[in-house]
Amino acid sequence: MDPEVLTKAPLFAELDEASAAALEQAMGSLRLTKGQILFREGETEDRLYVVVAGKIKLGRSGSAGRENLLAVLGPGQMFGELSVFDPGPRSSTATAVTAAEVRVLEHDELMAWLSDHPEVARSLLGQLAARLRRANDVVADLVFSDVPGRVAKQLLELARRFGDRKDDGVHVHHDLTQEELAQLVGASRETVNKALADFAARGWIRLEPRSVTLLDVERVERRAR
Ligand code: CMP
């Protein structure tokens, strides 16, 4: 793990060095193997997690065994806050997409930090607001955008989080299977694959197993609008 990942995480952003070290001390650590489930949708458990290495997917299951991915989180991102602030069952299942490490903060510990450090509360609210904004965008896209538009948008979102700019384009090692990519877009695997193959044929992207290179970001951006 990059030692600075945690202190750069939004939750820690406004803390001075000593407080950040104390918060880090208060957190437990969990290592997950690829495919391991951290918690399941519907379970009652109220700890807050921050990803420090690897990727975690948050998924919901619908009728007829269909799966939908709400998000794929990488280093620095938190999850599990809904059950902390709105006590109730976990709203999604958290699964390690790759080998991963997460830091854990117990409910009571978090509450004490929020009372003593309003800056942690501010950071948390900021993240919640950003998540709601994004969730609203996703709902609007489901209503207004076609599948290729949503695929383009997801590619840009993955590039923003996991992309690595190189001479030939932005390399995005997302670690997702085609099925998972389709679940993230919220469409069938066939339709999503068709859109990806079309983008590749136009020279906008290059597909590789569990990664994609954006060769023409501008065109992908235009398709996402
Ligand atoms: P909780 O319901 O405790 O457990 C599942 C977690 O998934 C939830 O808290 C949030 O942290 C996270 N989550 C739920 N919905 C979204 C979303 N739309 N985008 C990103 N993360 C989410």
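Quick note: the sequence shown, position 172, residue 172 per the UniProt record's numbering, numbers continuous.
Where is the CB? At the ideal position from N, CA and C, for every residue including glycine.
Inset, instruction - In angstroms with no decimal places, state the Cα-to-Cα distance between A121 and E41. - result: The residue you call residue 121 lines up with position 121 of the sequence shown. The residue you call residue 41 lines up with position 41 of the sequence shown. So the alpha carbons of these two residues sit roughly 25 Å apart.
Inset, instruction - Taking the CB atoms as reference points, tell me whether E101 and A53 lie closer together than 9 Å. - result: Taking the sequence shown and counting its residues from 1, the one referred to as residue 101 is at position 101. Taking the sequence shown and counting its residues from 1, the one referred to as residue 53 is at position 53. With contacts defined as CB atoms closer than 9 Å, E101 and A53 qualify as a contacting pair.
Legend entry - R31 and V104 closer than 9 Å at C-beta: Start at 1 with the first residue of the sequence shown, and residue 31 comes out as number 31. Start at 1 with the first residue of the sequence shown, and residue 104 comes out as number 104. Contact flag unset, no.
Legend entry - Beta carbon of S83 nearer than 9 Å to that of T44: Along the sequence shown, one-based indexing puts residue 83 at 83. Along the sequence shown, one-based indexing puts residue 44 at 44. Cβ atoms of S83 and T44: closer than 9 Å.
Legend entry - Boundaries of the beta strand (DSSP E) in which E208 is found, first to last residue: The count along the sequence shown starts at 1 and reaches residue 208 at position 208. For E208, the enclosing beta strand (DSSP E) covers residues I205 to E208.
Legend entry - Contacting residues, own chain, Cβ-Cβ under 7 Å from V151 (five flanking each side not counted): If you number the sequence shown from 1, residue 151 lands on position 151. If we look at V151 and ignore the five residues flanking it on each side, its Cβ neighbours are V185, V192, A195 and L196.
Inset, instruction - Under 6 Å from any heavy atom of the ligand MN, by CB: list those residues in chain order, please. - result: With respect to the ligand MN, the structure offers nothing, as its ligand set consists of the ligand CMP.
Legend entry - Range of the contiguous beta strand (DSSP E) that encloses T95: Along the sequence shown, read from residue 1 onward, the residue named residue 95 stands at position 95. Residues T93 to A96.
Inset, instruction - State the beta-bridge partners of H171 as determined by DSSP. - result: As a first step, residue 171 must be located in the sequence shown, where it is residue number 171. H171 is bridged to D164 and T213.
Inset, instruction - May I ask you to report which of helix, strand or coil DSSP gives M27? - result: In the sequence shown, residue 27 corresponds to position 27, counting from 1. The answer is coil: DSSP assigns M27 none of H, G, I, E or B.
Inset, instruction - Can you check DSSP and say which residues form a bridge with V72? - result: Residue 72 sits at position 72 when you count from the first residue of the sequence shown. Note: V72 sits in a beta bridge opposite K57.
Inset, instruction - Use the C-beta contact count for K34: other C-beta atoms within 10 angstroms, 16 or more gives buried, fewer gives exposed. - result: The residue labelled residue 34 in the question sits at position 34 within the sequence shown. Burial call: exposed.
Inset, instruction - Evaluate the contact criterion for the segment 205 to 223 versus the segment 171 to 185: three or more CB pairs, one atom per stretch, below 8 Å. - result: These segments touch.
Legend entry - C-alpha distance - D198 paired with G28, whole-angstrom precision: Counting from one through the sequence shown, the residue named residue 198 turns up at place 198. Counting from one through the sequence shown, the residue named residue 28 turns up at place 28. Between D198 and G28, the C-alpha separation is close to 45 Å.
Legend entry - DSSP bridge partner residues for E67 (one or two, in chain order): As a first step, residue 67 is located in the sequence shown; it is residue number 67 there, counting from the start. DSSP lists S61 as the beta-bridge partner residues of E67.
Legend entry - Helix, strand or coil at A13 according to DSSP, with G and I counted as helix: Numbered from its first residue, the sequence shown carries residue 13 at position 13. Assignment of A13 by DSSP, reduced to helix, strand and coil, places it in the coil class.
Inset, instruction - Tell whether a beta-carbon distance below 9 Å holds between A94 and L58. - result: Within the sequence shown, the letter at position 94 stands for residue 94. Within the sequence shown, the letter at position 58 stands for residue 58. Yes, they are a contact pair.
Legend entry - Cβ contact (3+ pairs, closer than 8 Å) linking the segment 7 to 14 and the segment 122 to 131: The segment 7 to 14 makes contact with the segment 122 to 131; the number of CB pairs closer than 8 Å reaches 3 or more.
Inset, instruction - With DSSP collapsed to three states, give me the class of A130. - result: As a position in the sequence shown, residue 130 is number 130, starting the count at 1. Here A130 sits in helix by DSSP.
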